[in-house]
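Remember, our numbering sits 76 above the position in the sequence shown when you count from 1. Cβ atoms here follow ideal geometry from the backbone N, Cα and C, with glycine treated the same way. Worksheet: the structure to be examined is printed underneath.
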Amino acid sequence: MTTADREQASPEAESPGYQVPALVRGLKILEYLAGVPAGATLSEVLTALALPKPSVFRLLQTLAEQGYVQRDAAGWRYRLSRKMLALGYAAVDANGLVERSLDVLRSLRDATGETTLLAVLAGREGIVLEQVASPHAVKVLVQVGHRFPLHSAAPGKAILAFLPAAEREALLATLELRRFTARTITTREAFDAELAQVRRSGVAFDRGEELDDLRCVGAPVLDARGQPLAAIWVTGPASRLSEQGLDAFAAQVAAHARTLSQRFT
């Protein structure tokens, strides 16, 4: 073991005294920008993070020059660049999840006629990794890299329901059940019941719980231990996806999720 390895492995190396303040500030900036897809001005970053203006300005300039953030045409707003998305892919797709999912997503799209998507858990949110667009003129499209709340989204419910109980409980204890529409589940008791139903049926629904005119049905992609790697789902406008339509798609989504799961067992 080298000296560097010993330092990395020592408990002292994890103490605050070993942190690099500028790096910590830079990471806080990136985390903040990840939560504001429209981007933020220098003033907004300063207000949100309460950091020194000269330090934040230099860090934003450095992140921009290195390609991790980009500025809008006017040069006022900063947002994460696609370089950050590439890093995210590398972190969550080490086992080739996206590549091994594409044909399944296309098959599910062809079977349902609606947009199909793949997502994984990212902290207390879900993040979209891939989508295959519906052929309909009017369709739902979601930007790759989009983050979504877990409690109102079919893929979020599908992943949460199949997490190990202790992990699920720890995550739910920190989750804000924010109301988006009249259909959003906002109490822990009701949400626990919803997740229990997902575990029984193997599929999860979004019946206009984040957006009134959006409907989704999803299922988990499980590894050899039966734990969720990801979720796939079908999404479309409420004008086409009635309750009966969602129920009709449920078996198709579950079957395609099982096909994909078999590739990771």
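1. Assuming residue 201 contacts residue 226 under a Cβ cut-off of 8 Å, what Cβ separation, rounded to an integer in Å, is found between them?
2. Residue range of the beta strand (DSSP E) that residue 313 falls in?
3. Roughly how far, in whole angstroms, is the beta-carbon of residue 220 from the beta-carbon of residue 204, given that I think they are within contact range, below 8 Å?
4. Between residue 108 and residue 136, which are expected to be in contact by the criterion C-beta below 8 Å, what is the C-beta distance as a whole number of angstroms?
5. Could you check what DSSP says for residue 155 in three-state terms: helix, strand or coil?
6. When you compare the CB positions of residue 193 and residue 105, do they come within less than 9 Å of one another, or not?
7. Using only the alpha-carbon positions, how far apart do residue 300 and residue 340 sit?
8. Have a look at the DSSP bridge pairing and note the partners of residue 193.
9. Measuring alpha carbon to alpha carbon, tell me which residue in 141, 143 and 275 is nearest residue 304.
10. For residue 390 versus residue 286, is the C-beta spacing smaller than 9 Å?
11. According to DSSP, is residue 316 part of a helix, a strand, or is it coil?
12. Please classify residue 267: does DSSP put it in a helix, a strand, or coil?
13. Determine the burial state of residue 338: buried for a count of at least 16 other Cβ atoms within 10 Å of its Cβ, exposed for fewer.
14. Taking Cβ positions, are residue 173 and residue 333 nearer each other than 9 Å?
15. Inspect the beta-carbon positions of residue 191 and residue 185 and report whether they are closer than 9 Å.
16. Kindly indicate which residue of 259, 264 and 255 has the alpha-carbon position closest to the one of residue 246.
Working from what's here:
1. 7 Å
2. 304 to 313
3. 6 Å
4. Between residue 136 and residue 108 the Cβ distance is about 11 Å, and since that is not below 8 Å, they are no contact.
5. strand
6. no
7. 6 Å
8. 207 and 309
9. 275
10. Since the displayed the chain opens at 77 and closes at 341, residue 390 lies outside it and no answer follows.
11. coil
12. helix
13. exposed
14. no
15. yes
16. 264
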